[in-house]
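Numbering-wise (the numbering used here), the sequence shown opens with residue 3 and increments by one. Glycine included, every Cβ here is placed at the ideal spot set by N, Cα and C. The structure displayed is predicted, hence computed values, not measured ones.
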Amino acid sequence: MEWLSHYWWIIVLVFLVGVFLNVIKDMKRIDPKKYMANKPELPPHRDFNDKWDDEDDFPKKKP
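Here you go:
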């Protein structure tokens, strides 16, 4: 098992090549035109930035 301590990086490299090949294979199965045609609608964007303007941070000027 001494060879394992010297050549562990080869095992990691073979593992990463296998993962990379599986990713490429899965990416080839994706059809972007079909996805864009059946893309789900996004919910409306909820923006709460208008609420910070309700509070007045500055003291009111007395006339």
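K41 by DSSP, collapsed to three states: which one? coil
Handout entry: Contact set for K63: own chain, Cβ-Cβ below 6 angstroms, skip 5 residues either direction
Key = none
Ignore the nearest five residues each way along the sequence and tell me which others in W10's own chain have a CB closer than 7 angstroms to its CB. none
Straight-line Cα distance separating K35 from P45
22 angstroms
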